[in-house]
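Q:
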Amino acid sequence: MFLPKAESTRITCANRGQNREPAMNPETGSPPLPKDFVLEDYRIERQISEGGFSFVYLARDAAGEQVAIKEYLPARLAHRLENNPAPVIPEENRAAFNRGMKSFFEEGRILARIKHPNVVQVLNFFRANETAYMVMRYEEGISLSDHLLAMHRNGKRFDEDALRNIFVRLLSGLREVHLQKLLHLDIKPANIYLRRDGQPVLLDFGASRQGLGEGDPTLTQVHTPGFAAPEQQGSGEALGPWTDIYSIGATLYACLAVDTPQAAKNRLQKDELEPAEKRWRRIYSPVLLELIDWSMKLHIQERPQSVFELQKVLRGELLDLVDPAWFEG
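Counting from 1, position 308 in the sequence shown corresponds to residue 308 in the working numbering; the numbering is continuous, with no gaps.
1. Find out if the Cβ-Cβ distance for the pair tyrosine 72, phenylalanine 104 is shorter than 8 Å.
2. Cβ of leucine 77 within 8 Å of Cβ of alanine 63?
3. Note down the Cα distance separating threonine 243 from leucine 179, rounded to an integer number of angstroms.
4. Helix, strand or coil for valine 120, going by three-state DSSP, please let me know.
5. The beta strand (DSSP E) with tyrosine 133 in it runs from where to where?
6. Along the chain, where does the alpha helix (DSSP H) that runs through glutamate 330 open and close?
7. Please report the residue range of the alpha helix (DSSP H) in which serine 145 lies.
8. May I ask which residues mark the beginning and end of the beta strand (DSSP E) holding serine 247?
9. Which residues bound the alpha helix (DSSP H) around glutamate 309?
10. Can you name, in chain order, every residue of its own chain whose Cβ lies under 8 Å from the Cβ of valine 168, other than the five neighbours on each side?
11. Among the residues of its own chain, which have a CB less than 7 Å from the CB of leucine 81, if the five just before and after it don't count?
12. Could you check whether serine 145 and proline 189 sit closer than 8 Å to each other, using their CB atoms as the reference points?
13. Taking alanine 68 as the reference, which of Leu174, Glu45 and Ile114 has the closest Cα?
14. Whole angstroms are fine: how far does the CA of aspartate 197 sit from the CA of valine 120?
15. For proline 90, does the count of other Cβ atoms within 10 angstroms reach 16, so buried, or fall short, so exposed?
16. Compare the Cα-Cα distances from leucine 183 to each of Gln199, Ile192 and Phe205 and report the closest residue.
17. Can you grab the Cα-Cα spacing for the pair histidine 147 / serine 247, in whole Å?
18. Note down the Cα distance separating leucine 289 from leucine 123, rounded to an integer number of angstroms.
19. Which residues mark the beginning and the end of the beta strand (DSSP E) in which proline 200 is found?
20. Once DSSP output is grouped into helix, strand and coil, what is the label at isoleucine 187?
21. Tyrosine 133 and lysine 70 look like a contact to me (Cβ under 8 Å); what is the Cβ gap, rounded to whole Å?
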């Protein structure tokens, strides 16, 4: 059973952590910004997630609307002291910190250009306190990982039409990301958010800084075993759209198995991953299962080369988006 961890899993979840008190982030060794701290036109209400690269806060803008704000604070390069919002950056880490901040800012700039219902909407990005911040739309819903676990607890499995509905829309958003010359590089159930109407939203582009980091070793270590492609783990092959496609296939596999697939690095040594076409042949259509196996090929030239190829396969006779009651609680 997987319980994937991601710093942005609940980036927009309104019903989690309401009573959580700010505490030292064990991954960064730094305290979050306190309640009522003011960042430009935004007032912090609470921390809603954290990770090795950032904090994410719930805040309100000048009009009183709730937003999510991501703060760049990579644990390996800097830390924050109590009562001082600016990070302490050792001199030997400053160049790498600044390169990462530049990539974080570039990520925000690119995402702000993308106006797609299935990609997290970046509203603003700015520098303050010697670091950078990204302001995102705040919504209600549930992560795909939480939804899968809820379904499993209730003894249910994904209906194929519902699964296709999610991934056709998700691929539409990912295609727009690729058109902007950006890769996600950390697609997994924890980074896919489901709105109340069933629409998926692709979250957490932090790993995409690999594609912007020009080979900086301090910026190229973000990946999730089981969902990351072989080329993200030292196979020597180039990163490209096919890298995200592997992760899409692995995420689909996880939706059926309610478990993390075998890590690609281990598959290269001894491939023990049971093909989807064999494992679920009496439950799901051959078209869906063949697409999963195709997407998870170990070598890049054997996978689909573009998201459009996946879209063509997944499209077809799809039901309308399901009612909000479809969500498992």
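Where is the CB? At the ideal position from N, CA and C, for every residue including glycine.
A: From the atom records:
1. yes
2. no
3. 15 Å
4. coil
5. 131 to 137
6. Limits of the chain in this structure are 1 at one end and 329 at the other, which puts residue 330 out of reach.
7. 144 to 153
8. Not the beta strand (DSSP E): serine 247 falls in the alpha helix (DSSP H), residues 241 to 257.
9. 307 to 314
10. Gln311, Leu314, Arg315 and Leu318
11. Val88
12. yes
13. Glu45
14. 16 Å
15. exposed
16. Phe205
17. 18 Å
18. 37 Å
19. 200 to 202
20. coil
21. 7 Å
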